[in-house]
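Residue numbers for the sequence shown follow numbering that gives the first Met the number 0, beginning at 0 and rising by one. Working notes, beginning with the structure itself.
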Amino acid sequence: MDTPLDPDITRAVWLDTTALTERTAEFRSPLVAQCWQDYLAGKRYPLDLLNE
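Okay, here's the thing in structure tokens:
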């Protein structure tokens with residue numbers, strides 16, 4: 000991965016759903032779990048929904 004990480008992030012790893020579920024206590028925010036659960040549930044939104 001060539002993109003620099005946030006200073007608080009020490010590494011990037013790919014995990015399956017089981018591994019993610021086992022590591023929710025390590026998430027920076029409860030929103031992380033909510034986002035991947037929404038994705039797995041098929042919730043999709045257009046990117047233009049987000050505004051600066």
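The beta-carbon is built from N, C-alpha and C at its ideal position, and this holds for glycine as well.
In the structure shown, THR2 falls within a coil segment according to DSSP collapsed to helix, strand and coil.
Looking at the backbone, the Cα of ALA11 and that of PRO45 are separated by about 26 Å.
Collapsing the DSSP output to three states places TYR44 in coil. A Cβ-Cβ contact shorter than 8 Å links ALA32 with PHE26.
In this structure, the CA atom of LEU49 is about 26 Å from the CA atom of THR16.
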